[in-house]
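Colleague: In this note's numbering, the protein residues as written are 168 to 267.
Just so you know, even glycine gets a beta-carbon here, dropped at the ideal spot from N, CA and C.
Please read all numbers here as calculations on a predicted model, not as lab measurements.
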């Protein structure tokens, strides 16, 4: 399993932390609305600004300067993209990531 940490911000201002994909999945199973998900490991990061259970993600590698974005249209997409990063550190396949 890829080593990353996540900070999940809820719409009401509360914040949760997850050290791995299993912990992140537990947070996602809560019945609440999220406003942001930020995952980082060394120089690789995934940041998401969420609105109404959809959102825009930015995957970045600070060592190489690479940046990619993608829009998630459903809460299931938000969860899938976030969990894939927590497991692998990579952009979730099957989505149209745009190079920035």
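Measuring alpha carbon to alpha carbon, tell me which of 254, 255, 234, 222 ends up nearest residue 240.
Modeller: Closest by alpha carbon: 222.
Colleague: Quick check on residue 257: buried or exposed, where buried means 16 or more other Cβ atoms within 10 Å of its Cβ?
Modeller: Per the 10 Å Cβ criterion, exposed.
Colleague: What does the Cβ neighbour count give for residue 265, buried or exposed, with the cut at 16 atoms within 10 Å?
Modeller: Looking at its Cβ environment, which holds fewer than 16 other Cβ atoms inside 10 Å, residue 265 is exposed.
Colleague: Just to confirm the assignment, what range does the alpha helix (DSSP H) spanning residue 251 have?
Modeller: From DSSP, the alpha helix (DSSP H) with residue 251 extends over 242-255.
Colleague: Excluding sequence positions up to five away, which residues of its chain have a Cβ less than 6 Å from the Cβ of residue 252?
Modeller: Contacts found: 206, 213.
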